[in-house]
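Numbered according to my numbering, the sequence shown spans residues 12 to 142.
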Amino acid sequence: MRAFRSGVDSDEIPLWYWVRGLHDALVLGVETQELPYDVTERKPVRNCMTIRLDTTEALFDTTVSAIRLFNYKVLRDESEAGGYGEGLKDCYWMQDRLRFENGKFVLDITALGENDFCYSVRFDFAEVERK
Numbered sequence: 012m013r014a015f016r017s018g019v020d021s022d023e024i025p026l027w028y029w030v031r032g033l034h035d036a037l038v039l040g041v042e043t044q045e046l047p048y049d050v051t052e053r054k055p056v057r058n059c060m061t062i063r064l065d066t067t068e069a070l071f072d073t074t075v076s077a078i079r080l081f082n083y084k085v086l087r088d089e090s091e092a093g094g095y096g097e098g099l100k101d102c103y104w105m106q107d108r109l110r111f112e113n114g115k116f117v118l119d120i121t122a123l124g125e126n127d128f129c130y131s132v133r134f135d136f137a138e139v140e141r142k
C-alpha cells in the first residue's frame, strides 16, 4: 500500500492530486450518477461522484473547484446523514489521505460539520476541475 498525504512531495503522487491540501475548503455539495456503460469493455466506467468545493478560503490550494471520482464505492460515512456524500454538504474539508491499494485509490476525508467525522471512498480514477 502506498499512502499520499496533503503537503508531501513525491514522484508517485497522481498529477490530479491537490498536493498542497484543501484544509478549510467548504464542500458545496456531492452529486452521484450512474453512467451507461458497455459490459464488453475491460474496465467500464459505471458511476461517478462529484464533490463540489469552494476553496476561496482554503489555507493552501485555492484552485480546486470539483473532484470527480469514477467507479466509486463509499467505504465509510460517519456523518449523521449517511449515504452517498450527503453528510459532506456544507462541511469543511479538514484533511485527507489518499492511498493506493489492490489496484484502486482510497480517499479518506476528515470533515468538520457539527462534529468531526471521517468519509472514505474507493475509486478507479479521478479528475480534478481547477479554476
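Here a beta-carbon is modelled for each residue, glycine too, at the ideal position from N, C-alpha and C.
- Message: I'd like the list of long-range same chain contacts for G18, defined as Cβ closer than 8 Å, with 5 residues on each side in sequence excluded.
- Response: Taking the sequence shown and counting its residues from 1, the one referred to as residue 18 is at position 7. Bear in mind that a pLDDT of 46 at G18, under 50, signals an unreliable position, so the number given afterwards is only what the model happens to contain. Counting only Cβ-Cβ distances below 8 Å, and skipping sequence neighbours, we find V30, R31, G32, F71.
- What's the call for G114, buried or exposed, on a 16-neighbour Cβ count within 10 Å? Residue numbering aside, residue 114 sits at position 103 when the sequence shown is read from its first letter. Exposed, since its Cβ has fewer than 16 Cβ neighbours within 10 Å.
- Going by beta carbon distance, what residues of the same chain come within less than 7 Å of D49, once the five residues before and after it are set aside? In the sequence shown, counting from the first residue as 1, residue 49 sits at position 38. Excluding sequence neighbours, D49 sits near P55.
- Check E140 in the structure and name its three-state DSSP category. Residue 140 sits at position 129 when you count from the first residue of the sequence shown. Three-state result, E140: strand.
- Query: How many angstroms separate the CA atom of E97 from the CA atom of T74?
  - Reply: In the sequence shown, residue 97 corresponds to position 86, counting from 1. In the sequence shown, residue 74 corresponds to position 63, counting from 1. Answer to the nearest angstrom: the Cα atoms are 23 Å apart.
- The beta strand (DSSP E) spanning C84 covers which residue range? Indexing the sequence shown from 1 puts residue 84 at position 73. The sequence given here places Lys at residue 84; Cys does not occur at that position. Element bounds for K84: 84–88.
- Beta bridge counterpart(s) of S131 as assigned by DSSP: What you label residue 131 is simply residue 120 of the sequence shown in a count that begins at 1. According to DSSP, which records beta bridges pairwise, S131 is partnered with R87, D119.
- Query: Is K100 closer than 8 Å to R133 when the C-beta atoms are compared?
  - Reply: The count along the sequence shown starts at 1 and reaches residue 133 at position 122. The count along the sequence shown starts at 1 and reaches residue 100 at position 89. Taking 8 Å as the cut-off, the beta carbon of R133 is found no closer than this to the beta carbon of K100.
- Message: Going by beta-carbon coordinates alone, are S131 and R63 separated by less than 8 Å?
- Response: Within the sequence shown, the letter at position 120 stands for residue 131. Within the sequence shown, the letter at position 52 stands for residue 63. Against a cut-off of 8 Å, the Cβ pair of R63 and S131 comes out as no contact.
- Task: From the DSSP output, read off the bridge partner residues of T61.
- Result: Position 50 of the sequence shown, counting from 1, holds the residue named residue 61. Paired residue(s): E42, R79.
- Message: Measuring straight from C-alpha to C-alpha, what distance separates W104 and F128?
- Response: Locating residue 104 in the sequence shown gives position 93, counting from the first residue. Locating residue 128 in the sequence shown gives position 117, counting from the first residue. For W104 and F128, the distance between alpha carbons rounds to 10 Å.
- Any idea which residues DSSP pairs D107 with across the strands? The sequence position of residue 107 within the sequence shown is 96, counting from 1. Note: D107 sits in a beta bridge opposite I120.
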